[in-house]
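**Student:** First the structure, which I've put down as structure tokens, then a few questions once you've had a look.
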Amino acid sequence: MKVGIVGAGWAGLAAAVSLRDAGCQVTVFEASHVPGGRARRVTHEDFPGNLDNGQHILLGAYADTLSLIRRLRGDTDALQRLPLRLESVDGRTRVRAPRLPAPLHMGAALLLGRGLGLGGRWAAVRMMRALKKRDWHVPPGYTVRDLLDAHHQPAALRARLWAPLCLAALNTPVESACAALFAHVLRDSLDRGGRTASDMLLPREDLSTLWPDAAIKLVDWRPGHTVRDLGHGADGVTLDGEAFDAAVLAVPPRAAQRLIAGLPPAPGSSLLRQTLGGYEYQPIATVNLRLAGPWRLPQPILMLSEDPAHGQLGQWVIDRGTLTGQPDGELAIVVSAAQSALDMDKDTLTQAVIAQLRDQLKRRRKPWPALPEIAASTVVIEKRATFSAVPGLRRAHPRSPWRRIMLAGDWTDTGYPGVLEGAVRSGQAAAREVLSLRQAPAPSTAPSR
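UniProt numbering puts the first residue of the sequence shown at 1, with every later residue one more than the last.
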């Protein structure tokens, strides 16, 4: 079976590996020259090693992603695994999971947490117990704020725990984020997957090297090729005139919308077009800093206290120097749901997060060496980093109305927000739909536009 895949992000390449393992002949078209999509390497002349187009954090609950990495590399040693530890830069907030079975480890972490207040700690435990009792189901249409209101979560607890977790998981503010998706992430990482499901996994190398580079070696790799023409028939498809038995469109919704624009009507095609046009997006900004000397954070990843009214926009800081082994310090500061950052020039944003980091380091209970001078900086902004994970959002199924065309991407109906595990799951789901065509041959007709 000959399959064409449009897009070499994590969804498209996950589909490619699954199809290749099933014996298919796979061709992957990619507009850029680097595999990985929105999770790929970038280079900068002032940084000695490769960077990423956005700092990503994986979880131990990402079973399909970890299995895929093992399939291609043999192990997951390129990921530094850290037991769940949420600690702020100023040291005033700390939630650390002890070595207990799930979900006891999270209950103990909350009850023993620092900076949440006694009432806040018990309120958090009560909410988690209530969600588990309801099998992690929440009322339809609930936002995360509605969920927190319903469970009487104090303001300090929201600011120091739930809001950072919501932004990290959904890249959507609590006021508009979908509570059902948030509950799914909490369920899989803190309850059902065992204690290690809540582990935080930080890549030691760039995201393309992590596994996409290995994946493209298994397929017919066509970099620098933007597919512009899609045809479909009962027995095949064409991509820019080249014939395939099936195609997977592993591109963002707007690109998929353009590709299917010339296809004839089919049952459900109008609804799909509406669905593809219904997504809204959230940006993520990553400020990379190279320091003028050796320096390390107290932990590889720390939370920053966000205070937009005072220009403090960062939520997380990652010690890339520790992860990659660079002799001089190197940091990545993440600004999720970064609408306000879009209105700032990059120099202003950089200076703002540097000032935020310096200010919060000074407030640590135990003094820490001051941040050295900044030798170099660069800002990467993904304006459409993820879809806005709002309640009631209609998401596309991997099988399209056209029998031999499938859809893949974290924006499809995976049950997850726009995270790497959702992308991998979507690609694997699209591959299963392609393979199902083997059992149901259709009458032969010429591809149509």
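Built from N, CA and C at the ideal position, the CB exists for glycine as well.
First and last residue of the beta strand (DSSP E) that includes A285?
**Tutor:** 281-291 is the span of the beta strand (DSSP E), which, as asked, contains A285.
**Student:** Considering only residues of the segment 205-254, which uninterrupted alpha helix (DSSP H) runs meet the minimum length of 4 residues and lie entirely inside it, listed in chain order?
**Tutor:** Runs of the alpha helix (DSSP H) inside the segment 205-254: 207-210, 212-216.
**Student:** Measuring CA to CA, which of G392, L407, V390, P391 is closest to P398?
**Tutor:** Here the closest residue by C-alpha is L407.
**Student:** Per the contact definition of three or more C-beta pairs closer than 8 Å, is the segment 377-394 in contact with the segment 199-213?
**Tutor:** Segments in contact, no.
**Student:** Counting Cβ pairs closer than 8 Å, one from the segment 96-103 and one from the segment 178-194, do we hit at least three?
**Tutor:** In short, these stretches touch, since the Cβ pair count reaches three.
**Student:** Excluding the 5 residues preceding and the 5 following P372 in the sequence, name in chain order all residues of the same chain whose CB lies nearer than 6 Å to its CB.
**Tutor:** Counting only Cβ-Cβ distances below 6 Å, and skipping sequence neighbours, we find L291, A292, G293, W295.
**Student:** So for F182, helix, strand or coil by DSSP?
**Tutor:** Helix, per DSSP.
**Student:** Does the count of Cβ pairs from the segment 62-73 and the segment 4-23 closer than 8 Å reach three?
**Tutor:** Yes, the segment 62-73 is in contact with the segment 4-23.
**Student:** Going by the beta-carbon positions, is the gap between Q360 and D90 smaller than 7 Å?
**Tutor:** Yes, these two residues count as a Cβ contact at 7 Å.
**Student:** Count the other C-beta atoms from every protein chain shown that fall within 10 angstroms of the C-beta of E280, then say buried if there are 16 or more, exposed otherwise.
**Tutor:** Classification of E280: exposed, given that the 10 Å Cβ count is below 16.
**Student:** What are the uninterrupted segments assigned as beta strand (DSSP E) that are 3 or more residues long and contained completely in the segment 85-150, given in chain order?
**Tutor:** Counting only runs of 3 or more, we get 85-87, 94-96.
**Student:** Is any heavy atom of the ligand NAP found at a distance shorter than 6 Å from the C-beta of R432?
**Tutor:** Inclusion of the ligand NAP in the displayed structure is not the case, the ligand content being empty and no account of it being possible.
**Student:** In terms of residue numbering, what span does the alpha helix (DSSP H) encompassing L323 cover?
**Tutor:** 320-324 is the extent of the alpha helix (DSSP H) around L323.
**Student:** Give me the Cβ distance between P300 and L82, rounded to the nearest whole Å; I'm assuming they're in contact under 8 Å.
**Tutor:** Right, the Cβ-Cβ distance comes to about 6 Å (below 8 Å), so this counts as a contact.
**Student:** Within 10 Å of its beta-carbon, does residue 451 have 16 or more other beta-carbons around it, so buried, or fewer, so exposed?
**Tutor:** Here the chain has residues from 1 to 449 only, and residue 451 is not among them.
**Student:** For L297, count neighbouring Cβ atoms within 10 angstroms of its own Cβ and tell me buried if that reaches 16, exposed if not.
**Tutor:** Buried.
**Student:** Under 8 Å by Cβ, that's how I've got A430 and H225 pegged, so tell me the actual separation to the nearest angstrom.
**Tutor:** With a Cβ gap of about 20 Å, A430 and H225 do not count as contacting.
**Student:** Does the beta-carbon distance from A332 to Q55 come in below 7 Å?
**Tutor:** The answer is yes: Cβ separation under 7 Å.
**Student:** Can you find the residues in the same chain that come closer than 7 Å, C-beta to C-beta, to W402, ignoring five residues on each side of it along the sequence?
**Tutor:** Cβ neighbours of W402 beyond the five flanking positions: H232, L263, A266.
**Student:** Within 10 angstroms of its Cβ, does S400 collect 16 or more other Cβ (buried), or is it exposed?
**Tutor:** The residue is buried, with at least 16 neighbouring Cβ atoms inside 10 Å.
**Student:** Is the segment 348-360 close to the segment 123-142, with three or more CB pairs under 8 Å?
**Tutor:** Touching, no.
**Student:** Looking only at its chain, what residues have a beta carbon closer than 8 Å to the beta carbon of H151, apart from the 5 residues adjacent to it on each side?
**Tutor:** Here the set comprises A123, R126, M127, A130.
**Student:** For R363, which residues of its own chain have a beta-carbon under 6 Å away from its beta-carbon, when the five flanking residues on both sides are left out?
**Tutor:** Correct list, in chain order: D90.
**Student:** Would you give the residue range spanned by the alpha helix (DSSP H) that R273 belongs to?
**Tutor:** Residues 269-277.
**Student:** Could you spell out where the alpha helix (DSSP H) holding P164 opens and where it closes?
**Tutor:** Unbroken alpha helix (DSSP H) run through P164: 163-170.
**Student:** Whole angstroms are fine: how far does the CA of L186 sit from the CA of V95?
**Tutor:** Looking at the two C-alpha atoms, the distance is approximately 15 Å.
**Student:** What did DSSP end up calling W10 once you bin it into helix, strand or coil?
**Tutor:** Residue state, collapsed to three classes: helix.
**Student:** Could you tell me whether the Cβ atoms of R41 and N50 are closer together than 7 Å?
**Tutor:** Yes.
**Student:** Which one of A169, L116, D229, A247 has the shortest CA to CA distance from T386?
**Tutor:** Checked all of A169, L116, D229, A247; the closest Cα to T386 is A169.
**Student:** For L271, count neighbouring C-beta atoms within 10 Å of its own C-beta (all shown protein chains included) and say buried if the count is 16 or more, exposed if not.
**Tutor:** So L271 ends up on the exposed side.
**Student:** Going residue by residue through the segment 316-372, where are the continuous beta strand (DSSP E) segments of at least 3 residues, counting only ones entirely within it?
**Tutor:** Here the runs fully enclosed are 316-319, 330-336.
**Student:** If I follow the unbroken beta strand (DSSP E) through A375, where does it start and stop?
**Tutor:** Here the beta strand (DSSP E) through A375 covers 374-387.
**Student:** V287 and L302 look like a contact to me (Cβ under 8 Å); what is the Cβ gap, rounded to whole Å?
**Tutor:** Contact doesn't hold; Cβ gap of about 15 Å is too wide.
**Student:** Starting from R73, follow the alpha helix (DSSP H) in both directions and report where the run begins and ends.
**Tutor:** Per DSSP, R73 belongs to the alpha helix (DSSP H) from 63-73.
**Student:** Tell me the rounded alpha-carbon separation between R395 and N171.
**Tutor:** Between R395 and N171, the C-alpha separation is close to 17 Å.
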